[in-house]
Amino acid sequence: MALLFRSTLMKTTRPMWMTMTSTLRRNMSSHNKETDEEFDQRWKAYFERKNIDGWDIRQGINHMNRLDLIPEPEIISACLQACRRVNDHSLAVRYLEAIRYKSNGVSKQVWPWILQEIRPTLNQLGISTPEDLGYDKPELGLKSVDDL
């Protein structure tokens with residue numbers, strides 16, 4: 251039984267891992283640079299796949315987080331639409347939290363700009379922002395000792 255499970259798992263995950271490793275090799279080579287537009291199109295196409303599931307969405311989000319970048323609003327909207335297709339509102343909100351955290355580390359103007367750009371998608375899909383849900387103010391948060 252374990253052998254059957256392992257062979258089935260290898261058949262389903264092997265093509266994905268081969269694609270990911272070949273993508274990593276291609277991106278790390280010095281002679282084949284990917285332009286910003288190609289990068290954006292690749293990630294939009296990844297999230298716009300019709301057969302994407304929650305696991306694939308999480309893999310894409312984690313991969314982009316490891317790249318230490320803030321994605322363009324078009325990529326964020328594509329990811330949010332993928333979250334909506336798999337009916338995972340919590341994943342969409344957590345993704346927005348990660349974007350907010352990363353953008354506040356860069357500049358305080360980035361997050362409001364991103365929200366402004368993705369607002370139509372948020373309204374269309376009915377996705378709440380972390381601020382709408384009160385995640386920016388912890389319920390049991392204490393005053394800072396510096397404020398006492």
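Taking the numbering used here, I'd label the letters of the sequence shown as residues 251 to 398.
Beta carbons are placed, not taken as given, at the ideal position from N, Cα and C, and that holds for glycine.
- Query: With burial defined as no fewer than 16 other Cβ atoms inside 10 Å of the residue's Cβ, what is the status of residue 305: buried or exposed?
  - Reply: Counted from its first residue, the sequence shown places residue 305 at position 55. So residue 305 counts as exposed.
- Message: Can you check which of these residues, 320, 367 and 331, is closest to residue 376 by C-alpha distance?
- Response: Taking the sequence shown and counting its residues from 1, the one referred to as residue 376 is at position 126. Among 320, 367 and 331, the Cα nearest to that of residue 376 is on 331.
- Message: Suppose you measure from the CA of residue 379 to the CA of residue 364; what does that come to, to the nearest Å?
- Response: Taking the sequence shown and counting its residues from 1, the one referred to as residue 379 is at position 129. Taking the sequence shown and counting its residues from 1, the one referred to as residue 364 is at position 114. Between the alpha carbons of residue 379 and residue 364 lies a gap of roughly 12 angstroms.
- Message: Using only the alpha-carbon positions, how far apart do residue 310 and residue 338 sit?
- Response: Position 60 of the sequence shown, counting from 1, holds the residue named residue 310. Position 88 of the sequence shown, counting from 1, holds the residue named residue 338. If I take the Cα positions, the gap works out to 15 angstroms.
- Task: Output the distance between the C-alpha atoms of residue 372 and residue 321, rounded to the nearest integer angstrom.
- Result: Taking the sequence shown and counting its residues from 1, one reaches residue 372 at position 122. Taking the sequence shown and counting its residues from 1, one reaches residue 321 at position 71. When rounded, the distance between both Cα atoms is 16 angstroms.
- Message: For residue 384 and residue 334, what's the separation of their Cα atoms in angstroms?
- Response: Mapped onto the sequence shown, residue 384 falls at position 134. Mapped onto the sequence shown, residue 334 falls at position 84. In this model, residue 384 and residue 334 are separated by some 21 angstroms (Cα to Cα).
- Message: On the criterion of 16 or more Cβ atoms from any shown chain inside 10 Å, does residue 328 qualify as buried, or is it exposed?
- Response: As a working mapping, residue 328 is identified with position 78 in the sequence shown. Classification of residue 328: buried, given that the 10 Å Cβ count is 16 or more.
- Query: Out of curiosity, what's the CA-to-CA distance linking residue 351 and residue 359?
  - Reply: In the sequence shown, residue 351 corresponds to position 101, counting from 1. In the sequence shown, residue 359 corresponds to position 109, counting from 1. Residue 359 has its alpha-carbon roughly 12 angstroms from the corresponding atom of residue 351.
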